[in-house]
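Numbering (the working numbering), first residue to last: 506 to 1288. Note that the Cβ used here is the ideal one computed from N, Cα and C, for glycine as well. What you are looking at is a predicted structure, and each value in this text was computed from that prediction instead of being measured.
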């Protein structure tokens, strides 16, 4: 245990003081709040709807579960588990209603009235359960802050405000300087938190971790006035289908996304009861939930680390680029990782009764299955890896097995065994198979993996390029040429019949890779550039070095955890087993191309960091002790100062000459393919009306558009199926819809073999072969 707080216990209920027992008739008080909540929900004013809905759906169930479940310690972990329980109580009853109420003639089981009825049933049932443990209402009160705590609180408030102001300015066409300042202040906040962690109260530490986590997520999620981002645009479509129908029906759109109740039933329940629009549920509420994960990482670290290094572990989880680059666009995985993080935290609570750990883990496993498919599969692999580590210890010779060091390192008492893993795997199979029939992607991935293991060539995700063991990949020029060849060969027969543009026309308008957009060079960057230094090379080297350093810290943490086994305990052994399982899972996904393309190395690593991040902090702890007191005192802060600016792109933004980040610029790859603007929506509305008019006349209309343009506008308006506008794939009679990036910059983007490739679009081809039917300055339609 780290030296600054060796004998300090982890955060407890005494530190939180969440609830207190009401002096008079708590049951009556709770009943009154249920009535008031219903009145607010049916009121005509949205803010009152939100207040009443949040109380009925989240706050009240959380309060009751926190007080009535026999948690060994009513502290922060119990509170987070109660929040998870309240979310599960939103989804499971709604899922049951979705199937039962139509049998009684109710065609919209997920509309407001049925959902409000079931919310009241859940609230009353929880209130009546274990009446002797009924809590009083939460009591407010001011928490006096010391001098250092006041500085941390003020800095946290400023960071939170800037995390909202920064993307708002960018959405209005201004610069990203406010967000850049926010990133600098987040770095200051995290460094101060690491330095002062042992001198301030734990509730302040936790609050600052949460604020930093929220700020990093909001700076990305709040970009754009519509839904912005990769997966989230398709996720939002699934939500709109469920919400509009008032029922969840996986057969209406049989897709793995539609099987994720975290983006279908859950937001539908919340919107219908609270009145909060789905746009805010996805862009804000989901981020507030996922920002609890760094706190979970902190709690896992507190099982065997002091405050300072536990904060460092939570910080490692937050500064990994996927946390703020991609997770705000992966709502289903954000929800699932909240459940998975709590599962890991419960698994290492070796002092909890085994029955409670296993029951809680089973509930969290089911929540993960219902939330996100691939997160569940990665969780199964991690759990199996952890059990393998334990089995290694059990198979050692008796003399070695009884060695306390080996027991501590390998003999951690997990809250799960093969039975729990089998139940989780069976639930995942049943949900993706017989229940929803959406497991095709898994079968394809497994088939491709088997083929690759038997010697067949396969393509790797671009994520693997930052791995220490990364293999050579084809260049984007080579991939573009291969995609063009496949497109021509796949349409040759129909092209001969005149259904596609002729080859002689295409040859006059060749397709070439577009140069990468870069941030304008700053005065500081120009000074460096004038000395003959290439800024792109500098920024790329810095980012790659930071990524390599991050991986080295993971390896160092695993090694140091093993070396420290003689002073650990069963809790540390459990963490070590899960960490090895997590590292092995990420390595397998990175090495096997099919898995790297389908599931993404970075996303898998973000999940594994739930347990790897504290182990990284453990490695830093041991390294500090080896370096001596003075050097060891500054090492954690130095790591943060070196890693966050490089990984976030802040250092590249200051210099210029490197790829723009969406949360700092109105340019760059993510901006071009995921940012929705009003002119594109207006063009989509015109195109939709034309398609509907043709359908009424029994005329089939083929639409061609950039894949990413179609996906982003579909998150706002429904649009018929469209083919790609890659020139060899454009039909002679198709309507061609161009979005803003193609119009203004003459570019389009494809996703081929795990790589995003932006190419110059030959607009002259459309001017020659088709007529301009519609234009509004941000969208065009040719036909």
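Between which two residues does the beta strand (DSSP E) carrying residue 1266 extend? If you look at residue 1266, you'll find it isn't in any beta strand (DSSP E); DSSP assigns it neither H nor E.
With a CB to CB cut of under 6 Å and the five nearest residues on each side skipped, what residues in its chain are close to residue 868? Closer than 6 Å at the Cβ level, and outside the excluded window around residue 868, lies no residue.
State the DSSP-derived secondary structure class of residue 1022, mapped to helix, strand or coil. It is coil, neither helix nor strand.
Using the rule of at least 16 other Cβ atoms within 10 Å of the residue's Cβ for burial, across every protein chain shown, is residue 1263 buried or exposed? Residue environment: residue 1263 is assigned as buried (16 or more neighbouring CB atoms within 10 Å of its CB, all protein chains considered).
Could you check which residue in 1139, 1137, 883 and 1170 has the C-alpha nearest to that of residue 1088? Scanning 1139, 1137, 883 and 1170 for the CA closest to the CA of residue 1088 turns up 883.
So what does residue 1338 bridge to, in DSSP terms? As displayed, the chain neither begins before 506 nor continues past 1288, which places residue 1338 out of reach and without an answer.
Just the C-alpha distance for residue 1141 and residue 1020, rounded to the nearest angstrom, thanks. The straight-line gap from Cα to Cα measures roughly 39 Å.
Relative to the C-alpha of residue 1258, which residue among 1049, 1245 and 986 is closest? Cα-wise, what sits closest to residue 1258 is 986.
When the Cβ atoms of the segment 766 to 773 are set against those of the segment 806 to 817, are three or more pairs found closer than 8 Å? Flag = no, the segment 766 to 773 and the segment 806 to 817 do not touch.
Taking the alpha carbon of residue 640 as the reference point, which residue from 1233, 555, 1279 and 536 has its own alpha carbon closest? When the alpha-carbon of residue 640 is set against those of 1233, 555, 1279 and 536, the nearest one is in 536.
Check whether the Cβ atoms of residue 625 and residue 615 lie closer than 8 Å to each other. Their beta carbons are not under 8 Å apart, which means residue 625 does not touch residue 615 by this criterion.
List the residues that DSSP assigns as beta-bridge partners of residue 1005. Answer is 1236, bridged to residue 1005.
Three-state secondary structure (DSSP) of residue 543: Three-state DSSP puts residue 543 in a helix.
Indicate whether residue 797 and residue 843 have their beta-carbon atoms separated by less than 8 Å. At a Cβ-Cβ threshold of 8 Å, residue 797 and residue 843 count as neighbours.
Do residue 595 and residue 568 have their CB atoms nearer than 8 Å? For residue 595 and residue 568, no; Cβs fall outside 8 Å.
Please name the residue in 876, 1118 and 921 whose C-alpha comes closest to that of residue 890. For residue 890, the closest of 876, 1118 and 921 by C-alpha to C-alpha distance is 921.
Could you check which residue in 995, 1153, 1184 and 817 has the C-alpha nearest to that of residue 1248? Of 995, 1153, 1184 and 817, the residue nearest in Cα terms is 1184.
Measure from the alpha carbon of residue 784 to the alpha carbon of each residue in 1270, 743 and 764, then state which is nearest. The shortest CA-to-CA distance from residue 784 to any of 1270, 743 and 764 is the one to 743.
Report yes or no: do three or more beta-carbon pairs, one from the segment 1102 to 1112 and one from the segment 998 to 1012, lie closer than 8 Å? Output reads no: the segment 998 to 1012 does not touch the segment 1102 to 1112.
Give the single residue among 1051, 1215, 1079 and 555 whose Cα lies nearest to the Cα of residue 1151. The shortest C-alpha separation from residue 1151 is found at 1051.
Consult DSSP for residue 865 and reduce its assignment to one of helix, strand or coil. DSSP places residue 865 in helix when its eight states are reduced to three.
Tell me whether residue 1257 sits in a helix, a strand or coil according to DSSP, three-state version. Correct three-state label for residue 1257: strand.
Looking at C-alpha atoms only, which residue of 1267, 778 and 1227 is the closest neighbour of residue 1018? Ranking 1267, 778 and 1227 by CA distance to the CA of residue 1018 puts 1267 first.
Below 8 Å, how does it come out for the segment 712 to 730 and the segment 687 to 701: are there three or more Cβ pairs, yes or no? Because the criterion of three Cβ pairs below 8 Å is met, the segment 712 to 730 and the segment 687 to 701 touch.
Over the uninterrupted alpha helix (DSSP H) stretch that includes residue 712, give me the two end residues. DSSP places residue 712 in the uninterrupted alpha helix (DSSP H) bounded by 707 to 726.
Own chain partners of residue 1044 with C-beta closer than 6 Å, once the 5 adjacent residues on each side are dropped: The answer, listed in chain order, is 1157 and 1163.
Within 10 Å of its beta-carbon, does residue 1205 have 16 or more other beta-carbons around it, so buried, or fewer, so exposed? With fewer than 16 other Cβ atoms within 10 Å, it is exposed.
Using DSSP with H/G/I as helix, E/B as strand and the rest coil, what is residue 996? Coil at residue 996, not helix or strand.
Rounding to the nearest angstrom, what Cα-Cα distance links residue 731 and residue 1221 in this structure? So the alpha carbons of these two residues sit roughly 7 Å apart.
Could you tell me the alpha carbon to alpha carbon distance between residue 1208 and residue 1004, rounded to whole angstroms? Spanning the two alpha carbons is a distance of roughly 14 Å.
Residues near residue 1277 in its chain [Cβ-Cβ closer than 7 Å; skip 5 each side]: Excluding positions up to five away in sequence, the list reads 1285 and 1287.
Short check: CB of residue 829 to CB of residue 675, under 8 Å? The answer is no: Cβ separation not under 8 Å.
Please confirm if the segment 584 to 600 is in contact with the segment 870 to 889, defined as three or more CB-CB distances below 8 Å between the two stretches. Because the criterion of three Cβ pairs below 8 Å is met, the segment 584 to 600 and the segment 870 to 889 touch.
With a threshold of 7 Å on Cβ separation, who are the neighbours of residue 1091 within its own chain once the five nearest residues in sequence on each side are excluded? Taken in chain order, the residues that qualify are 1106, 1109, 1110 and 1113.
Alpha-carbon spacing of residue 550 relative to residue 849, whole angstroms: If I take the Cα positions, the gap works out to 41 Å.
Which of helix, strand or coil does DSSP assign to residue 1247? Residue state for residue 1247 is assigned as helix, using DSSP reduced to three classes.
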